[in-house]
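A.B. asks: There's a structure below that I have some questions on.
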Amino acid sequence: MGLTGQGLAGSGLTKAASATGGGAADTLTTRLDHVVDLVRKNGLNWSRKNSLWPMPFATACCGIELMATGASRYDIARFGAEVMRFTPRQCDLMICAGRVAIKMMPVLQRIYMQMCEPKWVISMGACASTGGVFDTYAVVQGVDQFLPVDVYVPGCPPRPETLLEGVMAIKKVVEMDGVKSSKERGGMGIVAESMIQLNAEHVRRGSEG
Ligand code: SF4
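Going by my numbering, the sequence shown opens with residue 3, and the numbers climb by one from there.
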């Protein structure tokens, strides 16, 4: 009996020990999973935010400012977003610059749908965001009626600095929002504001430079 009792007690102890060991292993695995998940998400977000590939959809005068943003003076490459692609499947940032006619909207939507998830949208300029001065039946009164806009860049046209602020805002969205698809996330609707207050000094330096 004693032996049996000891045996039972022994087996109980063994079970308890193995249970404790399993728990520790589980905890360790869970923690490791958590760490790996954290690194994966942060790593992905870090890579994504520093290598945005814009899809320019420039239809009017705002497009010229978009081009200026990519040129040497403003150099969007400093923010890792210089790789403008005209192949939607390689892009993750739609920049809609300029007015969009009703007839053009299906094209814009198709391009947006062809872009891979996760993807983000900048509406650049008064026309893209609200129709601007073109309050007519032929012009879309804001692309956000059809696309989930994450960042609005105000102005007519916005200066390149303001567009760069918009790109920065998108970077913050990427950082915060991780890998959620645009369907899950919806448009963030952030308004980018230029940090640079233009004054006479800036204008003078601009005309000299
Ligand atoms: S917002 Fe102004 S600059 Fe931009 S497309 Fe419209 S009219 Fe042209």
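Note that the Cβ used here is the ideal one computed from N, Cα and C, for glycine as well.
Within the continuous beta strand (DSSP E) that includes Ser125, where are the two ends?
C.D. replies: By one-based count along the sequence shown, residue 125 stands at place 123. Trp122 to Met126 is the span of the beta strand (DSSP E), which, as asked, contains Ser125.
A.B. asks: Can you give me the Cβ contacts of Gly133 inside the same chain, cut-off strictly under 8 Å, excluding the 5 residues immediately before and after it?
C.D. replies: Within the sequence shown, residue 133 is the residue found at index 131, counting from 1. Cβ within range, chain order: Arg101, Val141, Val142, Gln143 and Gly144.
A.B. asks: Which one of Trp122, Phe148 and Ala99 has the shortest CA to CA distance from Trp55?
C.D. replies: The residue labelled residue 55 in the question sits at position 53 within the sequence shown. Comparing Cα-Cα distances from Trp55 to each of Trp122, Phe148 and Ala99, the minimum goes to Trp122.
A.B. asks: Given this structure, state the Cα-to-Cα distance separating Pro108 from Met96, to the nearest angstrom.
C.D. replies: What you label residue 108 is simply residue 106 of the sequence shown in a count that begins at 1. What you label residue 96 is simply residue 94 of the sequence shown in a count that begins at 1. Going by the C-alpha atoms only, they are around 15 Å apart.
A.B. asks: Nearest chain B C-beta to Tyr76 closer than 9 Å, yes or no?
C.D. replies: Absent here is chain B; the protein component of the structure consists of one chain.
A.B. asks: Between the segment 150 to 161 and the segment 181 to 197, do at least 3 Cβ pairs fall closer than 8 Å?
C.D. replies: In the pairwise beta carbon analysis, the segment 150 to 161 is classified as touching the segment 181 to 197: at least three pairs are separated by under 8 Å.
A.B. asks: May I have the straight-line CA-CA distance separating Cys129 from Arg91, to the nearest angstrom?
C.D. replies: Here residue 129 is taken as the residue at index 127 of the sequence shown, counted from 1. Here residue 91 is taken as the residue at index 89 of the sequence shown, counted from 1. If I take the Cα positions, the gap works out to 26 Å.
A.B. asks: Could you check how far apart the C-beta atoms of Val169 and Pro120 are, in whole angstroms? I think they sit under 8 Å.
C.D. replies: The count along the sequence shown starts at 1 and reaches residue 169 at position 167. The count along the sequence shown starts at 1 and reaches residue 120 at position 118. That pair is no contact at about 16 Å.
A.B. asks: Counting Cβ pairs, one atom from each stretch, are 3 or more of them under 8 Å apart for the segment 47 to 61 and the segment 109 to 119?
C.D. replies: Two segments are said to touch when three or more pairs of C-beta atoms, one from each, lie closer than 8 Å; by this definition the segment 47 to 61 touches the segment 109 to 119.
A.B. asks: Please classify Tyr1 as buried or exposed, where buried requires at least 16 other C-beta atoms within 10 Å of its C-beta.
C.D. replies: Nothing can be reported for residue 1, as the shown portion of the chain is limited to 3 through 211.
A.B. asks: Measuring CB to CB, does Val135 end up less than 9 Å from Cys118?
C.D. replies: Here residue 135 refers to the residue found at position 133 when the sequence shown is read from its first residue. Here residue 118 refers to the residue found at position 116 when the sequence shown is read from its first residue. Not closer than 9 Å, so no.
A.B. asks: What ranges does the beta strand (DSSP E) occupy inside the segment 72 to 123, keeping only unbroken runs of at least 3 residues that lie completely in it?
C.D. replies: 95 to 99
A.B. asks: At the level of alpha carbons, what is the spacing between Leu15 and Ser184?
C.D. replies: On the sequence shown, residue 15 is found 13 positions in, with the first residue counted as 1. On the sequence shown, residue 184 is found 182 positions in, with the first residue counted as 1. Residue placement at Leu15 is flagged as unreliable, the pLDDT there being 42, under the threshold of 50; the coordinate-derived value follows with that caveat. Approximately 54 Å between the Cα atoms of the pair.
A.B. asks: Judging by CA-CA distance, which residue of Ile172, Pro162 and Asn52 is the nearest neighbour of Gly65?
C.D. replies: Start at 1 with the first residue of the sequence shown, and residue 65 comes out as number 63. Comparing Cα-Cα distances from Gly65 to each of Ile172, Pro162 and Asn52, the minimum goes to Pro162.
A.B. asks: Go ahead and pull the three-state DSSP assignment for Thr6.
C.D. replies: Taking the first residue of the sequence shown as position 1, residue 6 is located at position 4. Because the pLDDT at Thr6 is just 41, under 50, the model does not fix this residue reliably, and the point stays unresolved.
A.B. asks: For Ala171, is the classification buried or exposed, using 16 other Cβ atoms within 10 angstroms of its Cβ as the cut-off for buried?
C.D. replies: Here residue 171 is taken as the residue at index 169 of the sequence shown, counted from 1. Classification of Ala171: buried, given that the 10 Å Cβ count is 16 or more.
A.B. asks: Any idea what DSSP makes of Met69, helix, strand or coil?
C.D. replies: Counted from its first residue, the sequence shown places residue 69 at position 67. In the structure shown, Met69 sits in a helix (DSSP, three-state: H, G or I).
A.B. asks: Measuring only from the beta carbon, is Glu67 closer than 8 Å to any heavy atom that is part of the ligand SF4?
C.D. replies: Looking up residue 67 in the sequence shown gives position 65. Flag set: Cβ of Glu67 near the ligand SF4.
A.B. asks: Can you give the Cα-Cα distance for Glu177 and Thr31, rounded to whole angstroms?
C.D. replies: Taking the sequence shown and counting its residues from 1, one reaches residue 177 at position 175. Taking the sequence shown and counting its residues from 1, one reaches residue 31 at position 29. Rounded to whole angstroms, Glu177 to Thr31 spans 26 Å at the Cα level.
A.B. asks: Quick one: is Ala73 buried, meaning 16 or more other Cβ sit within 10 Å of its Cβ, or exposed?
C.D. replies: Against the sequence shown, residue 73 aligns to sequence position 71. With fewer than 16 Cβ atoms within 10 Å of its Cβ, Ala73 is classed as exposed.
A.B. asks: So, using beta-carbon positions, are Gly78 and Cys98 closer together than 9 Å?
C.D. replies: Counting from one through the sequence shown, the residue named residue 78 turns up at place 76. Counting from one through the sequence shown, the residue named residue 98 turns up at place 96. This sequence places Ile at residue 78; Gly is not what is there. Not closer than 9 Å, so no.
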